[in-house]
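Colleague: Below you will find the structure I want to go over with you.
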Amino acid sequence: MKDGQKITFHGEGDQEPGLEPGDIIIVLDQKDHAVFTRRGEDLFMCMDIQLVEALCGFQKPISTLDNRTIVITSHPGQIVKHGDIKCVLNEGMPIYRRPYEKGRLIIEFKVNFPENGFLSPDKLSLLEKLLPERKEVEETDEMDQVELVDFDPNQE
């Protein structure tokens with residue numbers, strides 16, 4: 002079903018003796034939602050997760066439009082990257098004329114990283130040993146060492 006779609010119930014309007022009953026016409030009016038965006042039968046949402054959840058797994062509850070709570074699970078070792086998109090089947094909008102079928106709930110993940118300096122040098126060293134090795138660059142005389150600084154595109 003779509004925004005603005007008309008559903009007609011023929012002959013179900015006011016009924017009076019000697020007159021043919023009218024039709025009831027219902028026009029669907031889709032309202033914006035704070036969490037979900039609809040595209041056809043699919044529902045889209047963004048979900049913020051912490052870095053530890055992205056790397057080590059998580060369980061997150063989601064309140065659905067029909068007042069249920071579903072729990073999505075990412076298992077330990079199943080890494081979720083920033084911008085990853087996953088879906089839950091049959092948790093979207095109902096499909097017209099197929100009462101037992103629903104679209105998908107599509108979730109885009111936003112990984113929140115900790116602030117600068119959140120780890121002491123000792124703990125940072127320990128974390129580095131746990132993670133896959135980074136590739137070291139062999140500097141040559143032809144290379145210039147430069148510094149990376151923050152950039153605000155709204156400042157220009």
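Position one of the sequence shown corresponds to residue 2 (the numbering used here), numbered consecutively onward.
All residues carry an ideal CB built from backbone N, CA and C; glycine is no exception.
Given the structure is predicted, the values throughout are model-derived calculations rather than measurements.
When the Cα of T70 is compared with those of E92, I26 and E140, which residue comes out closest?
Modeller: Residue 70 sits at position 69 when you count from the first residue of the sequence shown. It is E92 whose Cα lies nearest to the Cα of T70.
Colleague: Helix, strand or coil, according to DSSP, for S75 in the structure here?
Modeller: Counting from 1 along the sequence shown, the entry for residue 75 is found at position 74. DSSP places S75 in strand when its eight states are reduced to three.
Colleague: With C-beta atoms as the reference, is D153 less than 8 Å away from N113?
Modeller: In the sequence shown, residue 153 corresponds to position 152, counting from 1. In the sequence shown, residue 113 corresponds to position 112, counting from 1. Contact flag unset, no.
Colleague: Can you give me the C-alpha to C-alpha distance between F59 and E21, rounded to a whole angstrom?
Modeller: Within the sequence shown, the letter at position 58 stands for residue 59. Within the sequence shown, the letter at position 20 stands for residue 21. Going by the C-alpha atoms only, they are around 60 Å apart.
Colleague: Any idea which residues DSSP pairs V28 with across the strands?
Modeller: Reading the sequence shown from its first residue, position 27 is the one you call residue 28. Per DSSP, K7.
Colleague: Ignore the nearest five residues each way along the sequence and tell me which others in S64's own chain have a CB closer than 7 Å to its CB.
Modeller: Stepping through the sequence shown from its first residue, residue 64 is reached at position 63. Taken in chain order, the residues that qualify are T70.
Colleague: Quick one: what does DSSP say T54 is sitting in, helix, strand or coil?
Modeller: Taking the sequence shown and counting its residues from 1, one reaches residue 54 at position 53. Position check: residue 54 holds Glu in this sequence, whereas Thr was assumed. Correct three-state label for E54: helix.
Colleague: Kindly give me the distance between the Cβ atoms of G104 and G41, rounded to whole angstroms, as I take these residues to be in contact under 8 Å.
Modeller: For this step, residue 104 is matched to residue 103 along the sequence shown. For this step, residue 41 is matched to residue 40 along the sequence shown. About 7 Å separates the two Cβ atoms, so the contact holds.
Colleague: If you draw a straight line from the alpha carbon of C88 to that of R99, how long is it in whole angstroms?
Modeller: By 1-based counting over the sequence shown, the position of residue 88 is 87. By 1-based counting over the sequence shown, the position of residue 99 is 98. Their Cα atoms are separated by approximately 20 Å.
Colleague: Quick one: residues in its chain with C-beta nearer than 6 Å to the C-beta of I73, no 5 flanking neighbours on either side, listed in chain order?
Modeller: Reading the sequence shown from its first residue, position 72 is the one you call residue 73. Closer than 6 Å at the Cβ level, and outside the excluded window around I73, lie K61.
Colleague: CA-CA distance, H76 and C57?
Modeller: The residue labelled residue 76 in the question sits at position 75 within the sequence shown. The residue labelled residue 57 in the question sits at position 56 within the sequence shown. Answer to the nearest angstrom: the Cα atoms are 7 Å apart.
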